[in-house]
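Asker:
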Amino acid sequence: MQTAVFNKLRTLIYNSSGICLNQDKTALVTARVSKRMRKLRLADYGKYLQCVLEDSTGQEIQHLLDAISTNVTSFYREPEHFNFLRGILKIWAAEKAKKIRMWSAACSTGEEPYTMAIEAKESTGNHPMEYKILATDINSDVLVTAQSGEYPEDRIAPIPKHIRTKYFTTIKEGGSKSYLIREEIRNMVVFRQFNLSVFPFPLRNRLDIIFCRNVMIYFDTELRAKLVAEFSRLLKPGGYLMLGHAESISRACGGFRCLRPSIYQKE
Ligand SMILES: C[S@@+](CC[C@H](N)C(=O)[O-])C[C@H]1O[C@@H](n2cnc3c(N)ncnc32)[C@H](O)[C@@H]1O
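Mind the numbering: the sequence shown is residues -8 to 258 in the numbering used here, read in order.
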């Protein structure tokens, strides 16, 4: 891909999602854009750029973001966060809390919010606590998978066997097996498309817990700081923010107490 085209594409991507792509990402962008171009039967990167720029519907920029965003995730990824979650949910259940609101702010294909929902069910015991889990992502493709709640065998491998048996049903089609998450878990999660680089966030109710893991690594310092300030505005005092293991809040941001690496509490 020519440098001029790459630079224009990366500016478009940055302006519409906050995702920063340095020059060393040329090969990655080329590979991902090429895939999209094959679908459109385009062979020239310049022509593809023109196609994005001329599309007044905004659909092609969405396809571009769907192609570019990295969606790696898994059930029980970074399990310390879920151990911590279990602990606080048990405390809130013992305190007879009524309603808990959680947000998985870059949910990818749904493994993160469904793990949150499973842990919520497992932690509450007999206390009738209502859970609302909002799960959002900028990528429209991943949300289709997330909403289906269906995963192939290798994706459910990190889930402990007793949890798998309890919350998934097996679907057999031909020789292949897949697993469908049970309705009681699916109904706890609401999926929406949502861009973390557009402020202020249109959320009406304050939250108890936000998971925003492994997405800030794609953003620059300025956007990260804005995001943290917005999370602080949306969390209840004492609410929790979980970041990815490779992520942290800069001291300059303020408003949060670091409880453990990548786990923060709003002051
Ligand atoms: C690596 S995945 C992380 C998934 C999950 N949180 C985890 O840790 O396993 C990053 C996700 O962030 C999403 N993303 C990237 N930029 C975004 C933005 N501006 N707004 C919302 N989501 C975004 C991507 O589409 C992708 O699904």
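We put the beta carbon where it would ideally sit given N, CA and C, even for glycine. Because the structure is a prediction, the values reported are computed rather than measured.
Take Gly140 as the anchor and find which of Tyr105, Ile240, Gly229 has the nearest alpha-carbon.
Answerer: Nearest of Tyr105, Ile240, Gly229 to Gly140, Cα basis: Tyr105.
Asker: Closest to Gly9 by C-alpha separation, out of Tyr231, Met107, Phe210, Gln256, would be which residue?
Answerer: Here the closest residue by C-alpha is Phe210.
Asker: By the DSSP assignment, the beta strand (DSSP E) with Tyr122 in it spans what residues?
Answerer: From DSSP, the beta strand (DSSP E) with Tyr122 extends over 121 to 128.
Asker: Is Cys98 helix, strand or coil by DSSP?
Answerer: Of the three classes helix, strand and coil, the one that applies to Cys98 here is coil, per DSSP.
Asker: Do Asp132 and Phe185 have their beta-carbon atoms positioned less than 8 Å apart in this structure?
Answerer: No, these two residues do not count as a Cβ contact at 8 Å.
Asker: Go through its chain and collect everything with a Cβ distance to Ala278's Cβ below 7 Å, but skip five positions before and after it.
Answerer: Residue 278 is absent from the model: the chain starts at -8 and stops at 258.
Asker: For Leu225 and Arg197, which I take to be in contact (beta-carbon distance under 8 Å), what is that distance rounded to the nearest angstrom?
Answerer: Contact flag correct, Cβ pair sits at about 6 Å.
Asker: Using only the alpha-carbon positions, how far apart do Ser95 and Ser60 sit?
Answerer: Each residue's Cα considered, the two are about 17 Å apart.
Asker: Let me check you understand the geometry: is the CB of Ile124 closer than 7 Å to at least one non-hydrogen atom of ligand 1?
Answerer: For ligand 1, not one heavy atom lies less than 7 Å from the Cβ of Ile124.
Asker: Take the Cβ of Thr64 as the centre, count every other Cβ of all protein chains shown within 10 Å, and call the residue buried at 16 or more, exposed below.
Answerer: By the 10 Å Cβ count, Thr64 comes out buried.
Asker: Could you check if Phe190 is buried or exposed, using at least 16 other CB atoms within 10 Å of its CB as the buried criterion?
Answerer: The residue in question, Phe190, is exposed, as its Cβ has fewer than 16 Cβ neighbours within 10 Å.
Asker: Are the beta-carbon atoms of Asn130 and Leu56 separated by less than 8 Å?
Answerer: In this structure, Leu56 lies closer than 8 Å to Asn130 by Cβ.
Asker: Spatial neighbours of Ile154 within its chain, please: CB distance less than 7 Å, with the 5 preceding and 5 following residues excluded, ordered by chain position.
Answerer: Closer than 7 Å at the Cβ level, and outside the excluded window around Ile154, lie Ile109.
Asker: So, at 7 Å on beta carbons, what are the nonlocal neighbours of Cys11 in its own chain, with the 5 sequence-adjacent residues on each side left out?
Answerer: Within the same chain, Cys11 has close Cβ partners Tyr5, Tyr209, Phe210, Asp211.
Asker: Which whole runs of the beta strand (DSSP E) in the region 203 to 234 are 3 residues long or more, in chain order?
Answerer: Correct list: 226 to 234.
Asker: State the DSSP-derived secondary structure class of Tyr105, mapped to helix, strand or coil.
Answerer: Here Tyr105 sits in helix by DSSP.
Asker: Round the Cβ separation of Arg27 and His54 to the nearest angstrom and send it over; I've been treating them as touching at under 8 Å.
Answerer: With 8 Å as the limit, Arg27 and His54 qualify as a contact, their Cβ atoms being about 6 Å apart.
Asker: When you compare only the Cα positions, how much space is there between Arg251 and Ser239?
Answerer: Cα to Cα, the separation comes out at about 10 Å.
Asker: DSSP three-state call for Gln184: helix, strand or coil?
Answerer: Reduced to three states, the DSSP call for Gln184 is strand.
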